[in-house]
Every structure is written in C-alpha cells, then in structure tokens.
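Asker:
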Amino acid sequence: MIRSARQIIRREKWRLRPLKRLVLPFRNLKRRIITLDSLVRRKPLPRIEKSTVHYLAVQARGPAIEIYPAEPVQSLPHPFGEKEDRVGFSEPAHVFELENIDFWARYGGSVVTSDNRLLADLSPEVWGIDNHPIFSTFRLPKSRLLHGRTAICVTPEAPGNYYHWVFDLLPRVALLKEVAGGFDGFDQILINGSGALYEKPSLAALGVPSSKVLHVDGQHRFRILRATIPSMDHSSKIVAPWKIRVLRKMRDALFGRPHSTPERIYVSRERAAVRRVVNETKLEPMLREAGFDLIEVESLPWAEQVRWFSNVDVVIAPHGAALANIGFCQPNTLVGEIGTRAGYREFYWRLASSGSLRYRFFKARPRIELALGTRRAVENEDMIIDEQELKKFLREL
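Heads up, our numbering is the position in the sequence shown plus 35, with the first residue counted as 1.
Here it is, written out as structure tokens:
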C-alpha cells in the first residue's frame, strides 16, 4: 500500500509544481546537510554534466550514436491565432553506450558515471537538475550489480500516463531496436511502468521479449557494467516526426495498410473522472446522423484502439490521453479536439503538425457557474457543447 502511494505521488508530481516555493527550501536544507556530510566522509556529491553528447566527446568514454537528426516541422495554424505559422526543428535522437554507471530508477532515472558526473539530460527532474533528489536524499536505495548489457528506458511521467507512454517511452524503446537490430543483444531492459493494460501489448508490438523486461521504480538502484541508454526528448514545443513514424510502423505491423472505407469516430469520456461532455447523450443522434461511431477507448484492448484510429477519416474527442492514439492515424486525418478556452493545451495541435494531420478545435463551455453569474473555466472541468455550434461544425467537415 505504501509503495502504491509512492507511485501515485511520483506519477502526479507535476501537479505539485505550484508548491515549489514551499518544497524547495526544505530540499535545499537537506542538500546542505548532505553536502557537509559528504565532505566529512570524503565522498563528494556528483558534479552536473549538462550534455551527454558533449561529455562522451570530451571524455571519450563511449559512443553517442545519432539515430535521427533534427527535422523541420511546419506548425499548423493555431486555433486561437496566437502564434504565426512557423517552422521549428525537433531534437536529434541518440543512443549512448556507457560503462560502469550508477543508475537510480526514481522518476525518469538518474545516471552517475564512473567519474562521478550526473548526466543531466538523462536524469530528468521536474524542478530542475539543481534540485535533483540525488542531492537531497539522505540514504539512497542499496545498489545491485547488473552484469551483461543493460538497456535503460526508464522514462519520466510514463507510468500511468498513456500519452507519455506512447510518445516518450515507446519511441525510446524503438531507438534501442534501431541501434542493436533487435533486442537479443540485451540481457535486461529496465522499464518503469504502472501495470496498465496497454503496456505489455504495446511493448510486444515493438518486438520486446517479456522475459527481458525488468520493471523498476524509485526503490531500485543499480551498478551497471554496460549500459545502453536512448536519449530523452526535452522539447515541449515540437513532437519529433520520427516518433510518429515509429507508431505508424507499429500500426502497419499489427494490421497492415487499411483497406476498408475510412470511418468517423467520436471518443466518449463518459467513464472519465474529469473533462466529460455533460450533454453528450443529447448529441449522439446528431453525431450518428453525420456518420460517426461512438467509442469508449477505456473499454477497448490496446490493439483495438490502434485499429480504430488507424482507419479513420475524422476523429472528434474531448481533450484527454485517448487522443494520443492519433499518432496511429493516416496522414490527412482530421482531428477535432473539444475543450474549453482556459483549459486548452497545445499537445495535440503540435502532434497534428508533426504527423501531417488536419486539426480543428471545438470550443465548449465549462459546466461550473459561480455566484453573480460569472463563469470560471477550469482545466479539468466537465463541459457543455452548444448543439447548434456542433451542427455547424459537423456540416463544415
């Protein structure tokens, strides 16, 4: 029970960012105490190395293999006209080979080299590398030695978050496959998961043998003799196009190219805890008349989710993790995202830009009405859709 509570806290840690001013002073105090203790015991804390590529080039401690270079991405028109159409570049993707490292599997992992360098771009921390818990934890978990060649795919936010699993963890696993020509050359693959039903089948779709997967969390720490680590994408602005190519390759391996007539789907959030469409039942006849099938992603096996999204011409859905499945859509699919103005997040607009999809945003209003007739749009509040506006939206598809 305690372990489950810890996993929930780590998974939802990003929601605590507003409490940073309260948490960090306490963490900094712990860091000072640990720093003094390290001086007394003559065991210095790790030094921060910001770039693994630079570190390996200077120290000549192993290769940094570039798998995908930076790619240009043309942004689609912003739904609120706040940003001009522009071209940006994704981050290049690398795979690193390191020897004799210390790896702590907390959050997205921490990588400390044999010469006591903390590799910042492989040791993510939501509050910044200077505030990494490795500097403020009195007692780290006991280290266990791993022999052979170990692949590390511990990825921040991936446990229990479908979007981050699909667009952060799975592409990193694909980088391992690319560099090694498969997974036979690895003795174990470290992955942090939550046991969600989509994890095993999605890894299997990439060809990962379940016998090689070692599930880890913050209670695990290792001394790894030979480590292979794919880079992390630290850009929140652009979804790397190669990630979408990986997902589409997985889709084609599962189902081949679609042959039937493309479908239209509406993804319901009726069973979700937040961001539900309150008047969805009233809208069903209108949606069905326009040729839409209504589906609940939560009730479908993972492969069935992929099948639905792989053969659609139009998908409409309230903002939520189920829209991560548009990564499996064919180019030119129209994505209609429903949400409130104040709760709008650009994830799927960016994803549509990188995946050569079409994108429309349908603005709903939040259900909450406060005193004096004022309205407050909250990010996760349930929504109400205007029937006439939806009718107009559907006619324009």
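In this text, a Cβ means the ideal position worked out from N, Cα and C, and glycines have one as well.
Going by DSSP in three states, residue 411 sits in which element: helix, strand or coil?
Answerer: Residue placement at residue 411 is flagged as unreliable, the pLDDT there being 44, under the threshold of 50; the coordinate-derived value follows with that caveat. Three-state result, residue 411: coil.
Asker: Does the beta-carbon distance from residue 401 to residue 416 come in below 7 Å?
Answerer: Cβ distance < 7 Å, so residue 401 and residue 416 count as in contact.
Asker: Do residue 256 and residue 178 have their C-beta atoms closer together than 7 Å?
Answerer: Going by C-beta atoms, residue 256 is nearer than 7 Å to residue 178.
Asker: Taking the straight line between their C-alpha atoms, what separation do you get for residue 410 and residue 85?
Answerer: With a pLDDT of only 43 at residue 410, under the threshold of 50, the placement of this residue in the model should not be trusted; the figure read from the coordinates follows. So the two alpha carbons sit approximately 45 Å from each other.
Asker: For residue 87, count neighbouring C-beta atoms within 10 Å of its own C-beta (all shown protein chains included) and say buried if the count is 16 or more, exposed if not.
Answerer: Under this definition residue 87 is a buried residue.
Asker: Going by alpha carbons, who is nearest to residue 332 out of 226, 355, 214 and 112?
Answerer: Here the closest residue by C-alpha is 355.
Asker: Please check the pair residue 128 and residue 275, which I expect to be a contact at CB under 8 Å, by giving their CB distance rounded to whole angstroms.
Answerer: Right, their Cβ atoms sit about 7 Å apart.
Asker: Measure the alpha-carbon distance for residue 225 versus residue 164 and round it to whole angstroms.
Answerer: Distance between the alpha carbons of residue 225 and residue 164: 22 Å.
Asker: Taking the CB atoms as reference points, tell me whether residue 334 and residue 290 lie closer together than 7 Å.
Answerer: For residue 334 and residue 290, no; Cβs fall outside 7 Å.
Asker: When the cut-off is 7 Å and only beta carbons count, does residue 125 lie next to chain D?
Answerer: Considering every chain present, this structure includes no chain D. It has just one protein chain.
Asker: Quick one: what's got a C-beta closer than 7 Å to residue 220's C-beta in the same chain, skipping five residues either side?
Answerer: So the qualifying residues of the chain are 184.
Asker: Could you pull out every unbroken beta strand (DSSP E) segment of at least 3 residues lying fully inside the region 88-141, listed in chain order?
Answerer: Counting only runs of 3 or more, we get 99-103, 107-109, 122-124 and 128-139.
Asker: CA-CA distance, residue 392 and residue 218?
Answerer: Answer to the nearest angstrom: the Cα atoms are 32 Å apart.
Asker: Taking one C-beta from the region 267-274 and one from the region 371-378 each time, how about it: are there three or more such pairs within less than 8 Å?
Answerer: No contact exists between the region 267-274 and the region 371-378.
Asker: Quick one: what's got a C-beta closer than 8 Å to residue 330's C-beta in the same chain, skipping five residues either side?
Answerer: Around residue 330: 300, 301, 302, 303 and 343.
Asker: List the residues that DSSP assigns as beta-bridge partners of residue 186.
Answerer: Residue 186 pairs with 224 and 263.
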